[in-house]
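Below is one structure, written out as structure tokens; the observations come after it.
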């Protein structure tokens, strides 16, 4: 796992963890808005860096490795731990492990473990695997149909289509199998002072089980619904608003 850093001269640390099916440069629009004031730490998760030779491992392993990296590099106090979708799964696991002092956290459409029978979770993983695998074949035309309800630009969709070309089938399978089924303690006790769960109004139906899970296991979480937005759209479509929200969360 490669870790990219910006604004290393700053003391206040923000960790940004990208979603599945994109790379660490998913944050390229928000980096210039924050790097002058914050130390940005952005891991490129296994399987999502071209030519690295790695495949995705698991939410549990990535959460543990990232916490170890942060501690080893003396980043013991994190002003904000942000994760989108798959990245939100990693953040949820890291909060449960309590290996870092995290002051604020954002789960942006974060995926939580299914509370369903084993066989059903595997059938869902197979469905997701087949859908994304078809995306490797269908390219941008299929993506345009799949994301027709979101306001992604042609450039954004082409970016995703290019990643699909080199993304391994093993990474695709492990991503969905792990994000849907990672292990959490029976009760979560986190020292994080402030947690927010962001979601778009266009994805509320798809996130209903995630919202229910977070309400149960992290009841102190504040839920923020973004108007006219789908899954994972804040960083891509509203980078300036995202930066302002993160600043307000940290400085507040």
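In the numbering used here, the protein residues as written are 108 to 359.
C-beta atoms are modelled at their ideal positions from N, C-alpha and C, and glycine is treated no differently.
Since we're looking at a predicted model, the values are computed, not measured.
Report yes if the C-beta distance between residue 109 and residue 151 is below 8 Å; otherwise report no.
Yes, the pair counts as a contact, with Cβ atoms nearer than the cut-off.
I believe residue 301 touches residue 356 by the beta-carbon criterion, under 8 Å. Please report the beta-carbon distance rounded to the nearest angstrom.
Between residue 356 and residue 301 the Cβ distance is about 7 Å, and since that is below 8 Å, they are a contact.
Is DSSP giving residue 218 helix, strand or coil here?
Residue 218 carries a coil assignment under DSSP once its states are collapsed to helix, strand and coil.
With 16 other CB atoms within 10 Å as the buried threshold, where does residue 194 fall?
Counting the other CB atoms within 10 Å of its CB gives residue 194 a total of 16 or more, which places it among the buried residues.
Assigned secondary structure, residue 115 (DSSP; H/G/I helix, E/B strand, else coil):
Residue state, collapsed to three classes: coil.
Who are the Cβ neighbours of residue 285 in its own chain at under 6 Å, not counting the five residues just before and after it?
Contacts found: 165 and 166.
Exposed unless 16 or more other CB atoms sit within 10 angstroms - verdict on residue 132:
Residue 132 is exposed by the Cβ-count criterion.
Using the beta-carbon count (16 or more within 10 Å), is residue 160 buried or exposed?
Taking a 10 Å sphere around the C-beta of residue 160, we find fewer than 16 other C-beta atoms and assign the residue as exposed.
Residue 289 versus residue 358: straight-line alpha-carbon distance, rounded
Roughly 32 Å between the two C-alpha positions.
With a threshold of 6 Å on Cβ separation, who are the neighbours of residue 278 within its own chain once the five nearest residues in sequence on each side are excluded?
The answer, listed in chain order, is 154, 162 and 163.
DSSP has residue 190 in a bridge; who is on the other side?
124 and 214.
Give a yes or no on contact between the stretch 219-226 and the stretch 338-345, applying the rule of three or more CB pairs nearer than 8 Å.
Result no; under three Cβ-Cβ pairs closer than 8 Å.
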